[in-house]
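Colleague:
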Amino acid sequence: MIKKEGSFKYLEIKNISKNFGETFVLKNIHLDVFKGEFLCLLGPSGCGKTTLLRIISGLERQTNGDIVQDGLLISNSPTEKRDFGIVFQSYALFPNLNAKQNIAYGLENKKINKKEIEKRTNNLLRLVGLEKYSDQFPSQLSGGQQQRVALARAMALSPGLLLLDEPLSALDAQVRSKLRNEIKLIQKKLNLTTIMVTHDQTEALSMADRVVVMERGHIAQIGTPFELYKNPITPFVADFIGKMNLLKGKYDKKNCVFYYLNNRFLISQNTEYSFLENCLLGIRPEDIEIIKFRKNIEKEENILKVKIKEITYLGTIFRLTVVLESKLEENIFVDVISNQVISNNLKIGDFIDIKLKKEKIKLFESNL
Ligand SMILES: Nc1ncnc2c1ncn2[C@@H]1O[C@H](COP(=O)(O)OP(=O)(O)O)[C@@H](O)[C@H]1O
Ligand SMILES: [Mg+2]
78 MIKKEGSFKY LEIKNISKNF GETFVLKNIH LDVFKGEFLC LLGPSGCGKT TLLRIISGLE
138 RQTNGDIVQD GLLISNSPTE KRDFGIVFQS YALFPNLNAK QNIAYGLENK KINKKEIEKR
198 TNNLLRLVGL EKYSDQFPSQ LSGGQQQRVA LARAMALSPG LLLLDEPLSA LDAQVRSKLR
258 NEIKLIQKKL NLTTIMVTHD QTEALSMADR VVVMERGHIA QIGTPFELYK NPITPFVADF
318 IGKMNLLKGK YDKKNCVFYY LNNRFLISQN TEYSFLENCL LGIRPEDIEI IKFRKNIEKE
378 ENILKVKIKE ITYLGTIFRL TVVLESKLEE NIFVDVISNQ VISNNLKIGD FIDIKLKKEK
438 IKLFESNL
């Protein structure tokens, strides 16, 4: 759990807004980050993640709102007076300094004595697994190694806050996944409050204690990865965290029945749904069952007869893209374990019946 006993708000972002000229980039952002927490800002490109991170660091100034760090109001403090370390997507190392000198750079500027600098840089090199590379220059290091140096450099002055802006985006998949784990381990070991910006949901879900999903300059939802997956509050979050089918139709609240074209779907009794009849039915691809080989399906509820349009192999599962004959343009995704596809010999063009599990269905307000 994150909000454990004794945890306190280390960083408070209060009603932050930012506009560049006429354009609003951030609107009324409220966010508390707890001591030792790993928070991810997740959202599509252009939604304002970097701008928010830059405002926290003082590299950008907010139009409105306040920031409190460790009890101190820092809204108008210059960057150099703020207590943070930062890592960018581009490694931004000094090319003429070797790994060790890059890490030591900030320490030397602080007039810390040589022996102490030596000790600290050696510790940091060890922490990021680069003891053997201390004399190498950036051009002699791989992307992953350079990013390790950048991380060590950001932590050299033992900042209270670590800010990471897409630190892994430029790396190839294997290095990225390895570094993900390493960063997470280091962060937990040091109990270092961390905010990481990413547009990659896998990265956010696997690393963060809590994820802040951003959409066009505002916060769409905040929660643990599991909460966001289980209970997305908007269609945007539902489809951004994992995958969700969203079918537009009408809801008969009294009878808990949703109509999608000519099909009826029973919805579990749920008094939360207070909105009007036009809405979206949400269901995840793994919550749809294929019932091709079941008898007496006419007696079953929540069935759609569909045609297989595409079959994509995703490792342990296949993702089927299916369509209704009457609505060929609306894709519905169904995840099926590989064995089932093979043993049932499912092929493109086959007609199958799919069942939307009643208890897994969510309804969303439709803005369309
Ligand atoms: N200095 C700037 N001047 C004008 N517009 C900017 C500036 N910086 C960012 N923006 C705009 O603000 C929006 C959010 O940018 P950014 O915070 O970089 O998004 P993200 O990091 O989520 O991709 C974008 O539309 C971008 O074009
Ligand atoms: Mg960005």
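Remember, the working numbering sits 77 above the position in the sequence shown when you count from 1. Glycine included, every Cβ here is placed at the ideal spot set by N, Cα and C. Quick caveat: nothing in here was measured; it's all calculated off a predicted structure.
(1) Taking the alpha helix (DSSP H) that residue 200 belongs to, which residues open and close that run?
(2) Using the rule of at least 16 other Cβ atoms within 10 Å of the residue's Cβ for burial, across every protein chain shown, is residue 79 buried or exposed?
(3) Would residue 334 be called buried (16 or more neighbouring beta carbons within 10 Å of its own) or exposed?
(4) When you compare only the Cα positions, how much space is there between residue 390 and residue 396?
(5) Tell me whether residue 132 sits in a helix, a strand or coil according to DSSP, three-state version.
(6) Just how far apart, CA to CA, sit residue 256 and residue 284?
(7) Take residue 126 as the anchor and find which of 149, 145, 104 has the nearest alpha-carbon.
(8) Cα separation between residue 113 and residue 265?
(9) So, at 6 Å on beta carbons, what are the nonlocal neighbours of residue 183 in its own chain, with the 5 sequence-adjacent residues on each side left out?
(10) Please determine whether the Cβ atom of residue 128 lies at a distance below 8 Å from any heavy atom of ligand 1.
(11) If you pair each beta-carbon of the stretch 271-284 with each one of the stretch 180-198, do three or more pairs fall below 8 Å?
(12) Just reading off the beta strand (DSSP E) that residue 260 is part of, what are its end residues?
(13) Let's see if you can read the secondary structure: which residues bound the alpha helix (DSSP H) around residue 222?
(14) Report buried or exposed for residue 90, applying the criterion of at least 16 other Cβ atoms within 10 angstroms of its Cβ.
(15) In terms of residue numbering, what span does the beta strand (DSSP E) encompassing residue 297 cover?
(16) Please name the residue in 168, 190, 438 whose C-alpha comes closest to that of residue 223.
(17) Ignore the nearest five residues each way along the sequence and tell me which others in residue 137's own chain have a CB closer than 8 Å to its CB.
(18) DSSP state of residue 437, grouped into three classes?
(19) For residue 273, which three-state DSSP category applies?
(20) Taking 8 Å as the limit between beta carbons, can you name the residues of its chain near residue 400, skipping five residues before and five after?
(21) Let me check one thing: in DSSP terms, what residues is residue 340 bridge-paired to?
(22) Can you grab the Cα-Cα spacing for the pair residue 281 / residue 262, in whole Å?
(23) Ignore the nearest five residues each way along the sequence and tell me which others in residue 355's own chain have a CB closer than 7 Å to its CB.
(24) May I ask you to report which of helix, strand or coil DSSP gives residue 421?
(25) When the Cα atoms are used, what is the spatial distance from residue 398 to residue 122?
(26) Which of helix, strand or coil does DSSP assign to residue 291?
(27) Measuring straight from C-alpha to C-alpha, what distance separates residue 426 and residue 249?
(28) Please determine, among 106, 120, 290, 174, the residue with the shortest C-alpha to C-alpha distance to residue 212.
(29) When the Cα atoms are used, what is the spatial distance from residue 157 to residue 231?
(30) Can you check whether the CB of residue 292 is closer than 9 Å to the CB of residue 120?
(31) Is there at least one non-hydrogen atom of ligand 2 closer than 8 Å to the beta-carbon of residue 242?
(32) If you check the beta carbons only, do residue 366 and residue 307 fall under 9 Å apart?
(33) Mapping DSSP to helix, strand and coil, what is residue 390?
(34) Would you identify the three-state DSSP class for residue 448, choosing helix, strand or coil?
(35) Hey, would you say residue 289 sits closer than 9 Å to residue 118, going by beta carbons?
Modeller: Quick look at the numbers:
(1) Here residue 200 refers to the residue found at position 123 when the sequence shown is read from its first residue. Element bounds for residue 200: 191-204.
(2) To locate residue 79, count along the sequence shown from 1; it is residue 2. A caution first: residue 79 carries a pLDDT of 48, below 50, which makes its placement in the model unreliable, though a value can still be read off. In this structure residue 79 is exposed. Its beta-carbon is surrounded by fewer than 16 other beta-carbon atoms within 10 angstroms.
(3) One-based indexing of the sequence shown puts residue 334 at position 257. So residue 334 ends up on the exposed side.
(4) Here residue 390 refers to the residue found at position 313 of the sequence shown. Here residue 396 refers to the residue found at position 319 of the sequence shown. Whole-angstrom Cα-Cα distance: 6 Å.
(5) As a position in the sequence shown, residue 132 is number 55, starting the count at 1. It is helical.
(6) Counting from 1 along the sequence shown, the entry for residue 256 is found at position 179. Counting from 1 along the sequence shown, the entry for residue 284 is found at position 207. When rounded, the distance between both Cα atoms is 11 Å.
(7) Stepping through the sequence shown from its first residue, residue 126 is reached at position 49. The residue with the shortest Cα to Cα distance from residue 126 is 104.
(8) Taking the first residue of the sequence shown as position 1, residue 113 is located at position 36. Taking the first residue of the sequence shown as position 1, residue 265 is located at position 188. Using only the alpha carbons, I get a separation of about 7 Å.
(9) Indexing the sequence shown from 1 puts residue 183 at position 106. So the list reads 233, 234, once near-sequence residues are dropped.
(10) Residue numbering aside, residue 128 sits at position 51 when the sequence shown is read from its first letter. For residue 128, the Cβ falls inside the 8 Å cut-off from some heavy atom of ligand 1.
(11) no
(12) Taking the sequence shown and counting its residues from 1, the one referred to as residue 260 is at position 183. That residue, residue 260, is in no beta strand (DSSP E); its alpha helix (DSSP H) goes 250-267.
(13) Residue 222 sits at position 145 when you count from the first residue of the sequence shown. Element bounds for residue 222: 220-232.
(14) In the sequence shown, residue 90 corresponds to position 13, counting from 1. It is buried - the Cβ of residue 90 has at least 16 other Cβ atoms within 10 Å.
(15) In the sequence shown, counting from the first residue as 1, residue 297 sits at position 220. First-last of the beta strand (DSSP E) with residue 297: 295-300.
(16) Along the sequence shown, read from residue 1 onward, the residue named residue 223 stands at position 146. Of the candidates 168, 190, 438, the one whose C-alpha sits nearest the C-alpha of residue 223 is 168.
(17) For the purposes of this step, residue 137 is identified with residue 60 of the sequence shown, where counting begins at 1. The residues are 95, 128, 131.
(18) Counting from 1 along the sequence shown, the entry for residue 437 is found at position 360. In this structure, residue 437 counts as helix in the three-state DSSP scheme.
(19) For this step, residue 273 is matched to residue 196 along the sequence shown. Correct three-state label for residue 273: strand.
(20) Start at 1 with the first residue of the sequence shown, and residue 400 comes out as number 323. Closer than 8 Å at the Cβ level, and outside the excluded window around residue 400, lie 383, 384, 386, 406, 407, 408, 409.
(21) As a working note, residue 340 is residue 263 in the sequence shown. Its beta-bridge partners are 337.
(22) In the sequence shown, counting from the first residue as 1, residue 281 sits at position 204. In the sequence shown, counting from the first residue as 1, residue 262 sits at position 185. Cα to Cα, the separation comes out at about 15 Å.
(23) Taking the first residue of the sequence shown as 1, we reach residue 355 at position 278. Closer than 7 Å at Cβ, skipping near neighbours: 327, 443.
(24) Taking the first residue of the sequence shown as 1, we reach residue 421 at position 344. Of the three classes helix, strand and coil, the one that applies to residue 421 here is coil, per DSSP.
(25) Here residue 398 is taken as the residue at index 321 of the sequence shown, counted from 1. Here residue 122 is taken as the residue at index 45 of the sequence shown, counted from 1. Spanning the two alpha carbons is a distance of roughly 26 Å.
(26) Working through the sequence shown from its first residue, we reach residue 291 at position 214. DSSP places residue 291 in strand when its eight states are reduced to three.
(27) Counting from 1 along the sequence shown, the entry for residue 426 is found at position 349. Counting from 1 along the sequence shown, the entry for residue 249 is found at position 172. If you take the alpha carbons of residue 426 and residue 249, they lie about 36 Å apart.
(28) Taking the first residue of the sequence shown as 1, we reach residue 212 at position 135. Sorting 106, 120, 290, 174 by C-alpha distance to the C-alpha of residue 212 places 174 at the top.
(29) Stepping through the sequence shown from its first residue, residue 157 is reached at position 80. Stepping through the sequence shown from its first residue, residue 231 is reached at position 154. Computed Cα separation, rounded: 13 Å.
(30) The sequence position of residue 120 within the sequence shown is 43, counting from 1. The sequence position of residue 292 within the sequence shown is 215, counting from 1. With respect to residue 292, residue 120 sits close: the two C-beta atoms are nearer than 9 Å.
(31) As a first step, residue 242 must be located in the sequence shown, where it is residue number 165. Residue 242: yes, Cβ under 8 Å from ligand 2.
(32) Here the question's residue 366 lines up with position 289 in the sequence shown. Here the question's residue 307 lines up with position 230 in the sequence shown. No, Cβ-Cβ distance for residue 366 and residue 307 is not below 9 Å.
(33) Position 313 of the sequence shown, counted from the first residue, corresponds to residue 390. Taken through DSSP and simplified to helix, strand or coil, residue 390 comes out as strand.
(34) It is not possible to answer for residue 448, since the shown part of the chain is limited to 78 through 445.
(35) Residue 289 sits at position 212 when you count from the first residue of the sequence shown. Residue 118 sits at position 41 when you count from the first residue of the sequence shown. Their beta carbons are under 9 Å apart, which means residue 289 touches residue 118 by this criterion.
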